[in-house]
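Residue 946 in the numbering used here is what sits at position 9 of the sequence shown, and the numbering runs on without skipping anything.
Reading through the structure tokens given below for one structure.
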Amino acid sequence: MVQKPAIKLDFFASGYCEANAKIANPQKKRGTCRFYALWALIEIKNVGYVLFDSGYSEAFQTATHTFPERFYRWATPMYLKPKQSAKEILEERGISVSEIRYIIISHFHADHIGGLQDFPQSQFICSKSAYQQAISLNRLQSVRKAILPKLIPDDFNSRCQFLEDIADEISINNSGIEEFKIFGLENFKLISLPGHAKDMLGFIFSLDTKKILYATDASWSYEAYHNGILPNKIVKLFFDSWPDFIETQQKLKDFESKNSNFNILFTHCVESLNYLSHDL
938 MVQKPAIKLD FFASGYCEAN AKIANPQKKR GTCRFYALWA LIEIKNVGYV LFDSGYSEAF
998 QTATHTFPER FYRWATPMYL KPKQSAKEIL EERGISVSEI RYIIISHFHA DHIGGLQDFP
1058 QSQFICSKSA YQQAISLNRL QSVRKAILPK LIPDDFNSRC QFLEDIADEI SINNSGIEEF
1118 KIFGLENFKL ISLPGHAKDM LGFIFSLDTK KILYATDASW SYEAYHNGIL PNKIVKLFFD
1178 SWPDFIETQQ KLKDFESKNS NFNILFTHCV ESLNYLSHDL
């Protein structure tokens, strides 16, 4: 009898926003591009189902109905097909929201936390400093940082565990990337990727031939990242730290040079769509 692996990983997408293509890659021609909101479903033996982010849901429209939050909707219009929220995708696959034990939050931008309110029983795992920033900003500051506090469930505090407090082990790998071992796993570790957002998280996953470093929004395009093309500097208006963003890119390139068998994936990169477990 073939034994099931201790961990299984699948990627999905819930909606997308549109933005000027030259923001992500200044060398691109004029026009818009789609930034799909990827999230991951992780099934872990003896733990259960874990989400990494939650994509968009219709809650985004509600949260951006009034000013100043409406500026967010204007800057990055969101599109979500029917039955494409994380909750609906999971239910279509026979997984109820009550079965999602944990949701790991990479950072608090709307396209990553848009579906949190659909999971009233899940525990949250996030960076302490990222959460503290998200709740400390006034409404105008939040919009500037691409954060919509209205998307954070009212009982978040009672359901939240900070990664720094619960990690089994915290270490620095040979590329200078901080790693967090959780759930007692050796082949799945969260990683710190600061810059784009406050103490943003990604993960390293390794199972047989499936080896992935998921770098969330450390870049928006593998092509741009690989060729050293930085986004338009207008992004400094909402990035948490430009110097940290540059340093994170350098660490990722060092990791890639030392681990050529790993695929480097980014949340909004077109190449990442090849890993989706459903049709858009």
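Virtual Cβ for every residue (Gly too), placed ideally from N, Cα, C.
- When Cβ pairs closer than 8 Å are counted between the two stretches, the segment 1054–1072 is seen to touch the segment 1132–1141, the count reaching three or more.
- Asn1198 sits close to Lys1148, with the two beta carbons spaced by under 7 Å.
- Taking His1049 as the centre and dropping the five residues before and after it, the same chain places the C-beta of Asp990 and Ser1043 closer than 6 Å to its C-beta, in chain order.
- Measuring C-alpha to C-alpha distances from Ile1114 to each of Ala1047, Lys1195, Ile1089 and Leu1074 identifies Lys1195 as the nearest.
- Counting of Cβ neighbours within 10 angstroms places Ile979 among the buried residues, the total reaching 16 or more.
- Ranked by Cα distance from Gly952, the options Thr1003, Gln1021, Asn1164 and Phe1099 are led by Gln1021.
- With at least 16 other beta carbons inside 10 angstroms of its own, Asn962 counts as buried.
- Rounded to whole angstroms, the gap between the alpha carbons of Tyr986 and Ile1026 is 14 Å.
- Of all alpha-carbon atoms in Val1080, Ile1040, Ala1071 and Tyr1162, the one lying nearest the alpha-carbon of Leu1100 is that of Ile1040.
- Note that the C-beta distance between Tyr1159 and Cys1206 is below 7 Å.
- Secondary structure at Asn1211: helix, using DSSP grouped into helix, strand and coil.
- DSSP links Ala950 through a beta bridge to Leu975.
- Considering only Phe1203, Leu1130, Val1080 and Asn1200, the residue with the shortest C-alpha distance to Phe1175 is Val1080.
- Nearest to Trp976 by alpha-carbon distance, out of Leu1088, Trp1179 and Gly1139, is Gly1139.
- For Tyr986, the enclosing beta strand (DSSP E) stretches over residues Gly985 to Phe989.
- In this structure, DSSP gives Arg1030 a state outside helix and strand, which the three-state scheme calls coil.
- In the structure shown, Ala1000 adopts helical secondary structure according to DSSP, grouped into three states.
- Burial check for His1215: the Cβ neighbour count within 10 Å stays below 16, so the residue is exposed.
- Counting the other CB atoms within 10 Å of its CB gives His1046 a total of 16 or more, which places it among the buried residues.
- Around the beta carbon of Leu1077, a 10 Å sphere encloses fewer than 16 other beta carbons of the protein chains shown; the residue is thus reported as exposed.
- In the DSSP assignment, the residues bridged to Tyr1151 are Phe1140 and Leu1202.
- When secondary structure is reduced to three states using DSSP, Phe1045 falls in the coil class, being assigned neither helix nor strand.
- Counting along the chain, Leu1100 sits inside the alpha helix (DSSP H) bounded by residues Leu1100 to Ile1103.
- It is roughly 12 Å from the alpha-carbon of Asp1154 to the alpha-carbon of Ser1129.
- Counted as a single uninterrupted DSSP element, the beta strand (DSSP E) harbouring Phe1117 occupies residues Glu1115 to Lys1118.
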